[in-house]
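Under the working numbering, the sequence shown is numbered contiguously, ending at residue 863.
By construction, the Cβ of each residue, glycine as well, lies at the ideal position given by its N, Cα and C atoms.
Everything below concerns the one structure shown next.
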Amino acid sequence: MTTRRQRLVAENLTLLLPRVPFLDAEAIREAANARHMRDLSPASAVWLATLAHVRHQHTDYDELRDEGYSRDEARFFVVEAVNETLDHWGATRHLVSTEDEAADDEDQPS
Numbered sequence: 754m755t756t757r758r759q760r761l762v763a764e765n766l767t768l769l770l771p772r773v774p775f776l777d778a779e780a781i782r783e784a785a786n787a788r789h790m791r792d793l794s795p796a797s798a799v800w801l802a803t804l805a806h807v808r809h810q811h812t813d814y815d816e817l818r819d820e821g822y823s824r825d826e827a828r829f830f831v832v833e834a835v836n837e838t839l840d841h842w843g844a845t846r847h848l849v850s851t852e853d854e855a856a857d858d859e860d861q862p863s
């Protein structure tokens with residue numbers, strides 16, 4: 754039997770990533786339904802599970818960490834690869850680097 758939370762996670766996953774491959778969707782769904790994600794909204798849980806899955810399965814993040822890069826440095830270097838995967842899956846949202854956020858802040862009138 755599917756719980757309300759599981760149904761909401763599945764709905765949010767479909768809305769966020771309409772073209773995600775089945776095996777990736779299953780891994781993301783499982784992670785979003787994990788115990789440590791229960792305090793988050795289904796949408797937030799799906800987003801965080803998606804980012805973690807893409808980072809570890811579809812980028813060089815783990816190799817960069819093995820080479821000695823810090824977590825933040827490795828994340829910085831894989832932002833484009835994460836967004837490319839999200840684009841390929843038809844994502845309705847993208848990861849923004851802190852560098853992009855700083856540039857956006859500079860463009861805003863004071």
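message: For S863, count the other beta carbons within 10 Å of its own beta carbon; 16 or more makes it buried, fewer makes it exposed. Which is it?
response: Here the model assigns S863 a pLDDT of 48, short of 50, so the residue's position is not dependable and the matter cannot be decided.
query: If you run the structure through DSSP and keep just helix, strand and coil, what is N786?
result: Three-state result, N786: coil.
- prompt: DSSP three-state call for V849: helix, strand or coil?
  reply: Looking at V849 - three-state DSSP - the assignment turns out to be coil, as it is neither helix nor strand.
query: If you draw a straight line from the C-alpha of T838 to the C-alpha of L766, how long is it?
result: So the alpha carbons of these two residues sit roughly 15 angstroms apart.
Cβ neighbours of L817 in the same chain (closer than 8 angstroms, five flanking residues each side left out): Exclusion of the five residues before and after L817 leaves E826, A827, F830, V831 as the residues of its chain whose Cβ lies within less than 8 angstroms of its Cβ.
- prompt: Is the CB-CB distance between V762 and A785 below 8 angstroms?
  reply: It is a contact, given that the beta carbons lie within the stated cut-off.
message: I'd like to check one pair, W842 with R782: are the Cβ atoms closer than 8 angstroms?
response: No, Cβ-Cβ distance for R782 and W842 is not below 8 angstroms.
query: Would the beta-carbon of H811 fall within 8 angstroms of that of A834?
result: Cβ atoms of H811 and A834: closer than 8 angstroms.
field: Nearest to W759 (by Cα), restricted to the options A805, P774, A798
entry: Correcting the residue identity first, residue 759 is Gln in this sequence and not Trp. The shortest C-alpha separation from Q759 is found at A798.
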